[in-house]
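A.B. asks: To start, I am sharing the structure in question, which I have written as structure tokens.
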Amino acid sequence: MSYYVLGTIASFCFLASLIPFIPIAHGAVRVFDFGRLQLAILSITAIIFLLVILPINWVSLIFLAMLSMALAIQAVYIARFTPLWAKQSARHHPDNTERSVISLFVCNVKQGNRRHQDLIKLINARDPDILILMETDQQWVDALDASLTDYAQKISCPQDNSYGMYLASRLEMPRGDIQFLLNEGIPSFHCSFKVTEGHLFDLISIHPDPPVPHRDTQGRDAEILVAGKLAAKRQRPLIVTGDLNDVAWSETTRRFLRISQLLDPRQGRGMFNSFDARFPFLRWPLDHVFHSEEFELVSIERQPHIGSDHFPMFYEFALVFENDNSLPDDATADDREEAERLIHTEKNRSRKPVGEDWES
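FYI, in UniProt numbering the residues of the sequence shown are 1 to 360.
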């Protein structure tokens, strides 16, 4: 019996670790990008049981080799998001120089979640300069507008398809545009903000559709890479944030960083798993923030559960206009070609967003 159980676990961990190497942008393949930490833990647990329970023979050695290979593959990806890895984003150390510190609250509220006041209480407690919310329908917008009266600057795009978006800011906002980059059902925000010293910085918020087993992920990947191309053309300090429906270690996210030359503050610090808030054993980092080299990290914190399947995230950045950060590798020709191919493909077809009826 032990052979069958451990053999099944070893085979699953081994195959689940190899499948993401298949270069196919399809949900049935890309879903295996997500649970790398869970696979690593399962592999370690199975190795311990194998060494304790099974005798050393050729069968157990095959199982051990499969589990060890699976663990090694997962470790390569998740090590980047542990203290063992070098940090990309420098930690801000206050000095006598006046610096603008910007606080940012980001949350996918889950459209069908009606715990409006729980979220509003948390927002009031954290008191962010800017808050960005996703999956906001008209009910959410009405509740937020009625309560967040001290936020003078607001833009909202309420939708009933789980892709609504809402932004409120205490900072002056000279620009607040709503754009539909590739899909007429998926909005994105493109904003500029002015801090007290008069400096401007830009912000892009996106929420591409999630991977599902029956559909390709080209729409998601293309929207992330469009944001990367826009970031590469930036004229001012920039932050890109949102629920990207992709994990921090995926090839698409790494390609986005190489193209945009933005920084991931989680690298060298932790995963900060934001989804799924309902199941402690199934969590990974879906909600992201990336920033240009003019910022340094002050803090990054996961917030308490407010009824959504996502945890809210709270970030603070100092606008320092110095470069103590470690930039990503440069984009390769393959990166640019793949980005252009995906964007061109998605621009030339029309389809509804994934899961637009999930909350109906």
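Beta carbons: idealized from backbone N, C-alpha and C, even for Gly. Model, not experiment: these values are computed from the prediction.
As a quick exercise: from G219, D177, F12, pick the residue whose alpha carbon is nearest that of S43.
C.D. replies: In the sequence shown, residue 43 corresponds to position 43, counting from 1. Of the listed residues, the one whose Cα sits closest to S43 is F12.
A.B. asks: Looking only at its chain, what residues have a beta carbon closer than 8 Å to the beta carbon of F180, apart from the 5 residues adjacent to it on each side?
C.D. replies: Taking the sequence shown and counting its residues from 1, the one referred to as residue 180 is at position 180. Cβ neighbours of F180 within its own chain (closer than 8 Å, five residues either side excluded): I186, P187, S188.
A.B. asks: What are the uninterrupted segments assigned as alpha helix (DSSP H) that are 4 or more residues long and contained completely in the region 101-185, given in chain order?
C.D. replies: Within the region 101-185, the complete alpha helix (DSSP H) runs of at least 4 residues are 116-126, 138-147.
A.B. asks: Within its chain, find whatever has a CB closer than 6 Å to the CB of K154; leave out the 5 residues flanking it on each side and keep chain order.
C.D. replies: On the sequence shown, residue 154 is found 154 positions in, with the first residue counted as 1. Counting only Cβ-Cβ distances below 6 Å, and skipping sequence neighbours, we find A168.
A.B. asks: Comparing alpha-carbon positions, which option in G355, E356, R266, D246 lies nearest R80?
C.D. replies: Within the sequence shown, residue 80 is the residue found at index 80, counting from 1. When each option's Cα is compared against that of R80, the closest is R266.
A.B. asks: What separation, rounded to the nearest whole angstrom, lies between the Cα atoms of R236 and P94?
C.D. replies: Taking the first residue of the sequence shown as 1, we reach residue 236 at position 236. Taking the first residue of the sequence shown as 1, we reach residue 94 at position 94. Between R236 and P94, the C-alpha separation is close to 22 Å.
A.B. asks: To the nearest angstrom, report how far apart I343 and D334 are at their CA atoms.
C.D. replies: In the sequence shown, the residue the question calls residue 343 occupies position 343. In the sequence shown, the residue the question calls residue 334 occupies position 334. Cα to Cα, I343 sits roughly 14 Å from D334.
A.B. asks: By Cβ distance, which residues of its chain are closer than 6 Å to S147, with the 5 residues on each side in sequence left out?
C.D. replies: Along the sequence shown, read from residue 1 onward, the residue named residue 147 stands at position 147. For S147, where only same-chain residues beyond five positions count, the Cβ hits under 6 Å are I120.
A.B. asks: Tell me where the beta strand (DSSP E) around I239 begins and ends.
C.D. replies: The count along the sequence shown starts at 1 and reaches residue 239 at position 239. Per DSSP, I239 belongs to the beta strand (DSSP E) from 238-243.
A.B. asks: Consult DSSP for V289 and reduce its assignment to one of helix, strand or coil.
C.D. replies: The residue you call residue 289 lines up with position 289 of the sequence shown. DSSP places V289 in strand when its eight states are reduced to three.
A.B. asks: Could you name the residues of the same chain whose beta carbon sits closer than 6 Å to that of Y315, not counting the 5 residues immediately before and after it, in chain order?
C.D. replies: Within the sequence shown, numbered from 1, the residue matching residue 315 stands at position 315. Counting only Cβ-Cβ distances below 6 Å, and skipping sequence neighbours, we find L104, V289, I300.
A.B. asks: Starting from the C-beta of Q218, find all residues in its chain whose C-beta is less than 8 Å away, skip the five residues before and the five after it, and write them out in chain order.
C.D. replies: As a first step, residue 218 is located in the sequence shown; it is residue number 218 there, counting from the start. A25, L342, T345, E346.
A.B. asks: If you run the structure through DSSP and keep just helix, strand and coil, what is E309?
C.D. replies: As a first step, residue 309 must be located in the sequence shown, where it is residue number 309. At residue 309 the sequence reads Asp, which differs from the Glu that was named. Reduced to three states, the DSSP call for D309 is coil.
A.B. asks: Let me check understanding here. Comparing Cα to Cα, which of V76, K87, L6, S162 lies closest to G268?
C.D. replies: Position 268 of the sequence shown, counted from the first residue, corresponds to residue 268. Among V76, K87, L6, S162, the Cα nearest to that of G268 is on K87.
A.B. asks: Nearest by alpha-carbon distance to I73: which of I123, G35, I56 is it?
C.D. replies: Locating residue 73 in the sequence shown gives position 73, where the first residue counts as 1. Comparing Cα positions, the closest option is G35.
A.B. asks: So for W358, helix, strand or coil by DSSP?
C.D. replies: Counting from one through the sequence shown, the residue named residue 358 turns up at place 358. The answer is coil: DSSP assigns W358 none of H, G, I, E or B.
A.B. asks: Under 8 Å by Cβ, that's how I've got E135 and S100 pegged, so tell me the actual separation to the nearest angstrom.
C.D. replies: Taking the first residue of the sequence shown as 1, we reach residue 135 at position 135. Taking the first residue of the sequence shown as 1, we reach residue 100 at position 100. Not really, about 30 Å apart at Cβ, beyond 8 Å.
A.B. asks: CA-CA distance, L37 and Y4?
C.D. replies: Counting from 1 along the sequence shown, the entry for residue 37 is found at position 37. Counting from 1 along the sequence shown, the entry for residue 4 is found at position 4. Counting only the Cα atoms, Y4 lies some 24 Å from L37.
A.B. asks: Mind checking if P304 is an interface residue toward chain D, Cβ cutoff 9 Å exclusive?
C.D. replies: Among the protein chains of the structure shown there is no chain D, as only one such chain exists.
A.B. asks: Can you find the residues in the same chain that come closer than 6 Å, C-beta to C-beta, to L200, ignoring five residues on each side of it along the sequence?
C.D. replies: The residue labelled residue 200 in the question sits at position 200 within the sequence shown. Excluding positions up to five away in sequence, the list reads S192, K194, R236.
A.B. asks: Three Cβ pairs or more, each shorter than 8 Å: is that satisfied between the region 272-287 and the region 218-227?
C.D. replies: no
A.B. asks: My parser needs the alpha helix (DSSP H) runs of 4 or more residues fully inside the region 22-96; what are they?
C.D. replies: Here the runs fully enclosed are 27-30, 36-53, 58-78.
A.B. asks: On the CB-based measure, 16 or more other CB atoms within 10 Å of its CB, does D177 come out buried or exposed?
C.D. replies: The residue labelled residue 177 in the question sits at position 177 within the sequence shown. Counting Cβ neighbours within 10 Å, D177 comes out exposed, since fewer than 16 surround it.
A.B. asks: Along the beta strand (DSSP E) that carries H190, what are the first and last residues, could you check?
C.D. replies: Taking the sequence shown and counting its residues from 1, the one referred to as residue 190 is at position 190. From DSSP, the beta strand (DSSP E) with H190 extends over 188-194.
A.B. asks: If I follow the unbroken alpha helix (DSSP H) through R255, where does it start and stop?
C.D. replies: As a working mapping, residue 255 is identified with position 255 in the sequence shown. From DSSP, the alpha helix (DSSP H) with R255 extends over 251-260.
A.B. asks: Considering only the alpha carbon of each residue, which of A10, M271, P158 lies closest to W85?
C.D. replies: One-based indexing of the sequence shown puts residue 85 at position 85. Out of A10, M271, P158, M271 has the C-alpha closest to the C-alpha of W85.
A.B. asks: What are the start and end residues of the alpha helix (DSSP H) that includes D335?
C.D. replies: The count along the sequence shown starts at 1 and reaches residue 335 at position 335. Unbroken alpha helix (DSSP H) run through D335: 333-347.
A.B. asks: Please state whether DSSP places R302 in a helix, a strand or coil.
C.D. replies: Position 302 of the sequence shown, counting from 1, holds the residue named residue 302. Correct three-state label for R302: strand.
A.B. asks: At the level of alpha carbons, what is the spacing between M232 and D264?
C.D. replies: Numbered from 1 along the sequence shown, position 232 holds the residue referred to as residue 232. Numbered from 1 along the sequence shown, position 264 holds the residue referred to as residue 264. Met is not the amino acid found at residue 232; the sequence shown has Ala there. Whole-angstrom Cα-Cα distance: 15 Å.
A.B. asks: Specify the secondary structure class of I204 as computed by DSSP and reduced to three states.
C.D. replies: Counting from one through the sequence shown, the residue named residue 204 turns up at place 204. Note: I204 maps to strand in three-state DSSP.
A.B. asks: Tell me, which residues are paired with residue 378 by DSSP?
C.D. replies: It is not possible to answer for residue 378, since the shown part of the chain is limited to 1 through 360.
A.B. asks: Is it buried or exposed for A16, if we count other Cβ within 10 angstroms and need 16 for buried?
C.D. replies: As a working note, residue 16 is residue 16 in the sequence shown. The residue is buried, with at least 16 neighbouring Cβ atoms inside 10 Å.
A.B. asks: Just how far apart, CA to CA, sit E197 and L319?
C.D. replies: Translated into positions along the sequence shown, residue 197 becomes position 197. Translated into positions along the sequence shown, residue 319 becomes position 319. Near 10 Å, if we compare the C-alpha coordinates of L319 and E197.
A.B. asks: Would DSSP call L282 helix, strand or coil?
C.D. replies: On the sequence shown, position 282 is the one that residue 282 refers to. L282: coil per DSSP, three-state reduction.
A.B. asks: Ignore the nearest five residues each way along the sequence and tell me which others in R115's own chain have a CB closer than 7 Å to its CB.
C.D. replies: Residue mapping note: residue 115 aligns to position 115 of the sequence shown, counting from 1. The residues are I306, G307.
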